[in-house]
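Number of protein chains: 6
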Amino acid sequence: MTTIFEKLLEEDTSFGDITSEVTVPEDLDAHAKVIAKEEGLIAGLKYLEEKTKNFGLKVTLLKKDGEFVKKGEVVALLDGNARKILLIERTFLNILGRMSGIATATRRVVEKVKSVNQNVRIAATRKTFLGQLDKIAVIIGGGDPHRWSLSDHILIKDSHIALVGLEEAIRRAKKTSFIRKIEVEVESVKDAVKAMNLSVDIILLDNFKPEQISKVARLLKTKGLRDKILLEVSGGINEKNITEYAECDIDIISIGALTHSTKNIDFSMETSLKQKKT
Amino acid sequence: MTTIFEKLLEEDTSFGDITSEVTVPEDLDAHAKVIAKEEGLIAGLKYLEEKTKNFGLKVTLLKKDGEFVKKGEVVALLDGNARKILLIERTFLNILGRMSGIATATRRVVEKVKSVNQNVRIAATRKTFLGQLDKIAVIIGGGDPHRWSLSDHILIKDSHIALVGLEEAIRRAKKTSFIRKIEVEVESVKDAVKAMNLSVDIILLDNFKPEQISKVARLLKTKGLRDKILLEVSGGINEKNITEYAECDIDIISIGALTHSTKNIDFSMETSLKQKKT
Amino acid sequence: MTTIFEKLLEEDTSFGDITSEVTVPEDLDAHAKVIAKEEGLIAGLKYLEEKTKNFGLKVTLLKKDGEFVKKGEVVALLDGNARKILLIERTFLNILGRMSGIATATRRVVEKVKSVNQNVRIAATRKTFLGQLDKIAVIIGGGDPHRWSLSDHILIKDSHIALVGLEEAIRRAKKTSFIRKIEVEVESVKDAVKAMNLSVDIILLDNFKPEQISKVARLLKTKGLRDKILLEVSGGINEKNITEYAECDIDIISIGALTHSTKNIDFSMETSLKQKKT
Amino acid sequence: MTTIFEKLLEEDTSFGDITSEVTVPEDLDAHAKVIAKEEGLIAGLKYLEEKTKNFGLKVTLLKKDGEFVKKGEVVALLDGNARKILLIERTFLNILGRMSGIATATRRVVEKVKSVNQNVRIAATRKTFLGQLDKIAVIIGGGDPHRWSLSDHILIKDSHIALVGLEEAIRRAKKTSFIRKIEVEVESVKDAVKAMNLSVDIILLDNFKPEQISKVARLLKTKGLRDKILLEVSGGINEKNITEYAECDIDIISIGALTHSTKNIDFSMETSLKQKKT
Amino acid sequence: MTTIFEKLLEEDTSFGDITSEVTVPEDLDAHAKVIAKEEGLIAGLKYLEEKTKNFGLKVTLLKKDGEFVKKGEVVALLDGNARKILLIERTFLNILGRMSGIATATRRVVEKVKSVNQNVRIAATRKTFLGQLDKIAVIIGGGDPHRWSLSDHILIKDSHIALVGLEEAIRRAKKTSFIRKIEVEVESVKDAVKAMNLSVDIILLDNFKPEQISKVARLLKTKGLRDKILLEVSGGINEKNITEYAECDIDIISIGALTHSTKNIDFSMETSLKQKKT
Amino acid sequence: MTTIFEKLLEEDTSFGDITSEVTVPEDLDAHAKVIAKEEGLIAGLKYLEEKTKNFGLKVTLLKKDGEFVKKGEVVALLDGNARKILLIERTFLNILGRMSGIATATRRVVEKVKSVNQNVRIAATRKTFLGQLDKIAVIIGGGDPHRWSLSDHILIKDSHIALVGLEEAIRRAKKTSFIRKIEVEVESVKDAVKAMNLSVDIILLDNFKPEQISKVARLLKTKGLRDKILLEVSGGINEKNITEYAECDIDIISIGALTHSTKNIDFSMETSLKQKKT
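Protein chains in written order, with the numbering used here: chain U, 87 to 364; chain A, 87 to 364; chain Z, 87 to 364; chain G, 87 to 364; chain V, 87 to 364; chain C, 87 to 364.
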């Protein structure tokens with residue numbers, strides 16, 4: 087099946103790599119080192135290993151997804167046809183750099199939060215650009231992928247409420263397949279209370295201040311529902327203010343910036359003639 | 087033809103938007119406003135207008151690609167089937183946010199550079215995640231897309247040189263089709279001189295310091311080749327130090343960070359029942 | 087996006103409908119009636135209406151999905167290019183016949199079960215041949231689609247247990263994303279008790295006799311977990327013995343035969359020259 | 087090339103098998119036995135063997151397409167990565183169950199008919215759901231696939247006749263490529279005679295009673311055309327009344343129910359850790 | 087469905103028409119005339135009309151497939167977005183030129199043959215480059231498409247005979263579906279006689295001289311089989327010697343050169359600003 | 087990725103090779119010789135070798151692309167499953183025949199031109215039917231592919247000029263990416279002079295007579311621009327009159343007939359049972 091790798095590669099090589107075709111002999115073998123140009127948590131190697139093998143190249147992983155690497159460390163070796171290595175080089179590095187960037191940021195946030203509250207999960211949103219790969223990078227960084235797509239979770243948001251009303255939306259959702267949890271996004275304490283009373287599975291507090299969040303958590307406890315309903319918070323949360331939120335009695339913090347404004351981790355590929363061994 | 091929009095949408099909705107299918111009646115019509123949540127240079131609206139129309143939705147653009155928007159401004163209106171609006175909402179916003187982020191950063195850098203040297207173009211690299219869309223965003227921001235893919239320009243890089251040598255690589259490239267320019271990436275003044283002597287069309291100075299760059303430019307002038315060969319610089323250049331480079335006698339500065347570590351511009355979609363007009 | 091309709095049509099018309107191309111003039115218009123050849127609950131018309139329109143044909147639905155039709159009733163009219171009507175005729179009828187067959191059987195079983203126990207849902211399995219369309223037919227018949235695919239629900243089955251053990255499988259599943267329920271298939275009362283104690287969301291009793299099922303339900307009640315854990319039963323249940331199962335204190339009965347051994351409802355298409363009106 | 091297997095698998099695993107990904111370690115190897123849960127004529131193993139190998143799994147067939155299996159017999163063994171086995175399990179069993187169901191019914195009908203008239207072939211129709219696979223199952227059961235699609239045979243049906251008339255339709259068809267036979271479906275003895283006189287290759291008697299069929303056969307003989315024109319009968323024929331038809335002087339009986347209302351043959355897959363050998 | 091047009095266009099415009107994007111304003115409307123640069127029998131307009139409409143362009147056909155055009159005649163007009171006209175121009179002209187070239191040559195050969203023997207059909211082979219389009223061009227020229235692909239006719243050739251023997255190959259073929267004719271390619275009179283005795287439907291005489299062909303035809307007549315078996319000849323036949331073959335008592339002459347060595351008919355497209363009307 | 091080979095094969099074998107399936111046992115191994123039936127310059131073997139290997143066949147090349155072959159020479163051997171050899175035979179031979187035909191004609195023209203003027207390149211146009219393969223055949227024949235598609239070169243033609251004017255078109259093109267050369271097609275000496283003055287990179291003289299061409303070349307020299315601007319000529323040039331053009335002071339002659347009216351080089355495949363060795 088076509089994955090993101092093949093799609094990006096296709097965009098990048100619609101009718102071949104003309105430079106390499108012109109300068110590099112067709113049967114030349116090469117050896118390439120993938121090198122970290124800055125430190126970070128590595129993510130994507132496992133996925134890229136499989137993709138690279140599909141091109142008949144030998145891949146040797148020197149690091150594993152989830153390991154920290156330092157500047158200058160070699161993370162993988164590629165051996166095989168020179169033109170094929172050059173063909174996939176940029177796509178390989180783009181995916182590795184982005185996934186490692188996401189994993190690195192996720193890990194940093196997770197650790198910050200865990201130091202304050204062991205019970206809080208950091209979750210991604212659907213603000214992604216490489217689809218599943220962004221989600222996998224979040225998992226490697228210790229985060230939760232949240233829903234992978236519109237197809238795998240019922241999350242009633244402001245738009246649904248604006249169109250059919252909160253109670254009606256929940257009522258309809260409860261009639262559906264028994265296999266799914268129901269989550270509702272609310273923008274006021276009043277609506278959070280409504281959602282509790284309709285016994286949804288998860289309440290997402292959007293753009294709540296810490297004190298409002300705590301108020302909702304207390305109400306939930308008072309009603310004896312705290313162990314039945316999960317509390318997720320989102321909106322306006324960044325690395326600076328996250329501990330304020332993490333100190334609340336909540337279950338999940340979801341952060342769009344993990345994937346929508348990712349700082350890339352820089353990697354490069356150094357290619358040489360096959361006889362030169364590492 | 088399938089473009090990035092359809093690919094991302096497919097990842098996001100493999101078997102539908104279950105929340106909307108469950109809560110929103112099939113034939114309900116809705117009205118949605120696309121709102122900027124922060125200021126920036128807008129990019130992607132033209133592309134998204136066409137994609138959105140394909141879903142039978144009416145689109146009214148209130149802003150155009152390349153215009154600055156302020157926080158709170160409405161940039162587009164969508165009217166039509168509620169489920170379809172909800173289906174494409176996230177993919178629409180993701181592309182708009184990323185392209186606008188790239189265009190905004192590009193514009194900022196272009197203006198900084200133009201204030202110092204009117205002759206220098208800012209160019210993107212192939213460190214992209216949405217393929218062509220990232221390139222188009224750079225153009226909207228006033229930058230140059232550089233090569234769109236491996237298929238449309240001959241750029242001899244360190245890997246090609248490591249495999250076949252500088253002279254040989256250029257010699258081979260010159261035998262190919264007369265329609266293409268030849269660019270060579272060099273890492274030392276010595277190699278830059280070699281490239282001049284072999285009369286390539288563009289020399290890319292990788293990781294050169296400003297004084298080295300100026301040296302190359304002077305040598306080019308001395309040889310009477312300054313109007314025949316373009317000079318491009320790249321590597322280690324960021325918004326802080328870019329004016330130092332821009333002051334050199336060069337033609338192009340290419341910057342990977344424009345696309346590989348983009349800060350998203352935040353947009354949201356506000357949906358209401360059809361009768362409520364803006 | 088390509089759906090089952092296009093796939094089946096492609097199989098059926100790889101290089102056109104040679105009979106019609108040979109015998110029917112290219113621009114001839116025709117009128118066609120879709121007629122039920124036996125009674126049943128109709129399903130698939132809404133889906134087929136959209137698909138048929140894509141061929142530039144006018145479609146008039148005289149019946150709606152979920153209505154009962156009698157032998158001889160006309161359920162839809164098609165008007166337009168004769169060759170196009172003939173091209174899609176068989177694929178249209180195949181899908182309509184199968185979906186109606188599934189919906190009819192589902193409705194019959196649902197009604198039988200509801201007469202005994204209002205709280206029991208009838209659910210489909212993944213023993214499907216037309217993917218989503220089979221599931222939609224079950225919903226139209228009043229059943230529950232259960233999981234649409236391997237991608238949208240965690241259901242730990244005998245194979246998973248054989249490979250990693252019951253406790254370990256549940257422990258691993260609980261570490262995953264908070265958005266999903268966890269269901270476990272068990273083959274003995276002992277394992278059902280283990281699953282209760284590990285507080286999963288749904289227990290699927292595979293090939294249990296009614297008395298064993300009742301025992302599990304009582305144990306659940308005794309532990310005060312009956313309102314926290316859903317009970318699903320499956321295996322060896324058919325239209326004859328289903329009331330015995332429905333009388334137990336359970337929530338769901340899932341039946342593979344609804345989709346894997348479907349009796350088709352026969353429909354035909356009667357085509358005439360355009361001038362002849364109904 | 088994408089076949090039905092890949093299409094169904096794609097529907098079933100749009101973004102992976104989340105249960106196995108969550109519970110089963112990535113590199114675990116497993117052994118699986120495919121077991122018949124009821125007796126039947128097996129069909130589909132050859133096709134599934136190839137598909138399964140594409141996933142890097144080792145397949146050992148213990149039975150061959152066209153062999154009878156008894157309840158409890160192991161028909162194939164799969165060895166390899168546990169997640170991959172679990173990923174394809176349901177799609178594998180669905181295809182095997184349906185194809186075996188079709189082959190089993192076909193064989194039963196073929197034998198019934200042969201006991202009465204050795205010269206009659208049992209043929210399938212285009213009332214199929216798995217396209218070619220349904221046809222292949224019919225062949226394995228001893229039947230004739232009839233035309234595979236609208237693209238490979240000229241069969242003039244009631245619709246064509248309603249639109250252009252019987253004589254005209256035949257006249258047009260005779261002008262086409264010399265490589266194809268021409269078959270005409272008729273609904274009365276009168277039209278059968280017309281078709282004879284226009285020397286078509288095959289006459290399909292639709293919904294004729296045995297005595298009418300015999301009349302047509304005698305007329306054909308009288309005209310000295312019995313060895314030039316094949317007689318096919320169809321419509322209202324089932325396992326109960328088929329011998330009445332088979333006793334007529336005909337060449338082919340085609341039956342839609344072989345594929346449109348198939349009773350599945352039940353198979354299961356039993357998976358265990360690799361060390362456990364059969 | 088993707089046809090040859092879309093495939094060729096995709097090859098030609100992998101990432102757009104950069105010249106037009108750079109020079110022609112996005113919303114400019116244009117008018118284009120498709121002009122014959124030499125005389126010939128036109129073929130492909132009907133197909134291209136539909137393809138062109140898919141791009142939102144208005145198409146007016148001034149000539150029809152199968153008409154002769156003179157040098158300088160305008161055959162079609164295109165109106166609409168200038169960039170879209172330029173995007174498809176070359177692909178449109180390539181297909182029109184090739185199909186017209188094939189149709190022109192076919193017509194010439196057909197007329198030559200008809201002047202000698204009214205009963206002989208001119209047929210194409212599978213030596214095609216645009217698949218179905220080449221076959222359609224042959225039909226427009228008055229020829230017979232022969233088999234469209236390996237999937238729609240049984241033609242036993244030298245390779246099959248070399249592998250299983252003539253008798254065995256025919257015996258196996260006769261056991262297959264009753265809907266197909268059986269054709270055998272033979273290379274000697276002796277083998278032609280064998281084929282007659284096994285009562286195949288068509289005998290293809292490969293590389294026979296006219297006198298050998300006549301001998302076979304006489305033998306067929308003697309055996310009383312001339313009206314049961316068609317005779318096709320092929321190999322070494324060209325426009326110069328074709329009448330010698332046409333004078334024999336045969337049914338079909340098939341010629342590879344009609345499609346494998348086609349002389350293009352030259353067409354051009356003349357584009358102007360919309361206001362200028364023809 | 088799907089290439090032309092797979093596309094053509096798909097057209098040719100939509101649902102298999104019914105003759106071989108019917109006559110040749112599934113597991114039979116065969117040996118095939120690819121034989122030149124006439125002399126020519128071979129092209130396509132390298133490409134076909136890879137495609138053939140994808141079917142699990144062993145390929146032995148006895149000749150290489152770019153070598154001349156004589157009538158009767160064996161150019162390649164195929165070994166493996168008989169049905170697979172028969173499946174790809176025609177597609178293999180079609181591509182080999184066409185590519186060799188193009189390469190042979192190109193070589194002949196190149197040699198003719200070189201005998202007169204060593205500095206002139208022979209280039210193809212976009213009048214191709216097998217996309218890239220036609221271009222590759224031209225390269226093998228010693229020609230230049232010119233632009234591969236609308237996406238990789240800026241060539242301002244009469245249409246662009248008709249729509250926006252010569253100066254404006256060039257002005258717009260010069261603002262675009264620095265990586266591309268700009269070529270302009272002109273139809274008069276006057277326009278050629280305009281193009282010189284706007285310093286484009288290549289001027290294409292369309293339908294110029296030799297004396298006009300020489301005039302443009304002299305003007306270019308006079309202006310001191312002859313080493314800065316390449317001259318290409320096209321239109322009405324054929325093998326007979328080409329030396330007249332080649333004697334002019336030009337750089338490139340492009341000829342559509344190389345690919346649009348190709349004479350095929352005939353190859354055949356001779357298949358035998360595996361034991362029979364060459």
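For each residue, glycine too, the CB sits at the ideal point set by N, CA and C.
Residue-level contact to chain Z via CB, A:SER106, 9 angstroms cutoff
Here residue 106 of chain A is taken as the residue at index 20 of the second sequence, counted from 1. False, the Cβ-Cβ gap to chain Z never drops below 9 angstroms.
Helix, strand or coil for U:ALA129? Go by DSSP, reduced to three states.
If you number the first sequence from 1, residue 129 of chain U lands on position 43. Coil, per DSSP.
Check whether the Cβ atoms of G:VAL206 and G:ILE288 sit closer than 9 angstroms, and answer yes or no.
Reading the fourth sequence from its first residue, position 120 is the one you call residue 206 of chain G. Reading the fourth sequence from its first residue, position 202 is the one you call residue 288 of chain G. No, these two residues do not count as a Cβ contact at 9 angstroms.
Just mark Z:LEU95 as buried or exposed, buried being the case when its beta carbon has 16 or more other beta carbons within 10 Å.
Taking the third sequence and counting its residues from 1, the one referred to as residue 95 of chain Z is at position 9. Note on Z:LEU95: 16 or more other CB atoms within 10 angstroms of its CB, so buried under the neighbour-count rule.
At 4 residues or longer, what runs of the alpha helix (DSSP H) sit wholly inside the region 123-197 of chain U?
131-139
Z:ILE104 (DSSP reduced to helix, strand or coil):
Within the third sequence, the letter at position 18 stands for residue 104 of chain Z. If DSSP states are grouped into helix, strand and coil, Z:ILE104 belongs with the helices.
Between the region 322-339 of chain Z and the region 207-223 of chain G, do three or more beta carbon pairs fall short of 8 angstroms?
No: fewer than three Cβ pairs fall under 8 angstroms.
Among the residues of its own chain, which have a CB less than 6 angstroms from the CB of U:LYS149, if the five just before and after it don't count?
Residue mapping note: residue 149 of chain U aligns to position 63 of the first sequence, counting from 1. If we look at U:LYS149 and ignore the five residues flanking it on each side, its Cβ neighbours are ILE128, VAL155 and VAL161.
When you compare the CB of V:LYS139 with every CB in chain C, is at least one pair closer than 9 angstroms?
The residue labelled residue 139 of chain V in the question sits at position 53 within the fifth sequence. Not an interface residue.
Taking buried to mean at least 16 other C-beta atoms within 10 Å of its own C-beta, is A:ASN293 buried or exposed?
Counting from one through the second sequence, the residue named residue 293 of chain A turns up at place 207. Exposed, by the Cβ-count rule.
Evaluate U:THR385 with the Cβ neighbour count: other Cβ atoms within 10 Å of its Cβ, from every protein chain shown; 16 or more gives buried, anything less gives exposed.
Outside the shown range of chain U (87 to 364) lies residue 385 of chain U, about which nothing can therefore be said.
Please classify U:GLY227: is it buried, with 16 or more other beta-carbons within 10 angstroms of its beta-carbon, or exposed?
Within the first sequence, residue 227 of chain U is the residue found at index 141, counting from 1. Buried: at least 16 other Cβ atoms inside 10 Å.
Rounded to the nearest angstrom, what separates C:GLU254 and C:ASP238 at their Cα positions?
Along the sixth sequence, read from residue 1 onward, the residue named residue 254 of chain C stands at position 168. Along the sixth sequence, read from residue 1 onward, the residue named residue 238 of chain C stands at position 152. Near 21 angstroms, if we compare the C-alpha coordinates of C:ASP238 and C:GLU254.
Residues of chain Z with CB closer than 7 angstroms to the CB of V:SER263, please, in chain order.
The residue given as residue 263 of chain V occupies position 177 in the fifth sequence. Result: empty, since nearest Cβ-Cβ is about 16 angstroms, beyond 7 angstroms.
What is the DSSP secondary structure of V:SER340, reduced to helix, strand or coil?
Indexing the fifth sequence from 1 puts residue 340 of chain V at position 254. Three-state result, V:SER340: strand.
Indicate whether C:ILE90 and C:THR138 have their beta-carbon atoms separated by less than 9 angstroms.
Sequence index remark: in the sixth sequence, residue 90 of chain C carries index 4 (1-based). Sequence index remark: in the sixth sequence, residue 138 of chain C carries index 52 (1-based). Cβ distance not < 9 angstroms, so C:ILE90 and C:THR138 don't count as in contact.
Near-chain Z residues of the region 228-250 of chain G (beta-carbon distance less than 7 angstroms), N- to C-terminal order
SER235, LEU236, SER237, ILE240, LEU241, ILE242, SER245, HIS246, ALA248, LEU249 and VAL250
Around the C-beta of A:PRO231, are 16 or more other C-beta atoms found within 10 angstroms, so that it is buried, or is it exposed?
In the second sequence, counting from the first residue as 1, residue 231 of chain A sits at position 145. Per the 10 Å Cβ criterion, buried.
Under three-state DSSP, which class holds U:HIS117?
For the purposes of this step, residue 117 of chain U is identified with residue 31 of the first sequence, where counting begins at 1. Note: U:HIS117 maps to strand in three-state DSSP.
Here's a check: name, in chain order, each residue in its chain whose Cβ is nearer than 7 angstroms to the Cβ of V:ALA278, leaving out the five neighbours to either side.
Against the fifth sequence, residue 278 of chain V aligns to sequence position 192. Around V:ALA278: VAL272, ILE289, LEU291 and VAL302.
Whole angstroms are fine: how far does the CA of Z:TYR133 sit from the CA of Z:ILE121?
Taking the first residue of the third sequence as position 1, residue 121 of chain Z is located at position 35. Taking the first residue of the third sequence as position 1, residue 133 of chain Z is located at position 47. So the alpha carbons of these two residues sit roughly 17 angstroms apart.
Where G:ILE268 and V:ILE171 are concerned, what is the direct C-alpha to C-alpha distance, given to the nearest angstrom?
For the purposes of this step, residue 268 of chain G is taken as residue 182 along the fourth sequence, with counting starting at 1. For the purposes of this step, residue 171 of chain V is taken as residue 85 along the fifth sequence, with counting starting at 1. C-alpha separation (whole angstroms): 43 angstroms.
Give a yes or no on whether the minimum CB-CB distance between V:PHE178 and chain A is below 9 angstroms.
Translated into the one-based positions of the fifth sequence, residue 178 of chain V becomes position 92. Chain A contact via Cβ: absent.
Nearest CA to the CA of U:GLU92: which residue from U:LYS349, U:ASN180 and U:GLY251?
What you label residue 92 of chain U is simply residue 6 of the first sequence in a count that begins at 1. The residue with the shortest Cα to Cα distance from U:GLU92 is U:ASN180.
Could you name the residues of chain Z that G:LEU216 contacts, counting a contact when the two beta carbons are closer than 8 angstroms?
What you label residue 216 of chain G is simply residue 130 of the fourth sequence in a count that begins at 1. Under the 8 angstroms cutoff, chain Z gives PHE215.
Considering just the uninterrupted stretch of the alpha helix (DSSP H) at Z:VAL319, what are its terminal residues?
In the third sequence, the residue the question calls residue 319 of chain Z occupies position 233. No alpha helix (DSSP H) contains Z:VAL319, which is instead part of the beta strand (DSSP E) from 316-320.
Can you find a C-beta in chain A that's less than 9 angstroms from the C-beta of U:THR348?
As a working note, residue 348 of chain U is residue 262 in the first sequence. At least one chain A Cβ lies under 9 angstroms of U:THR348.
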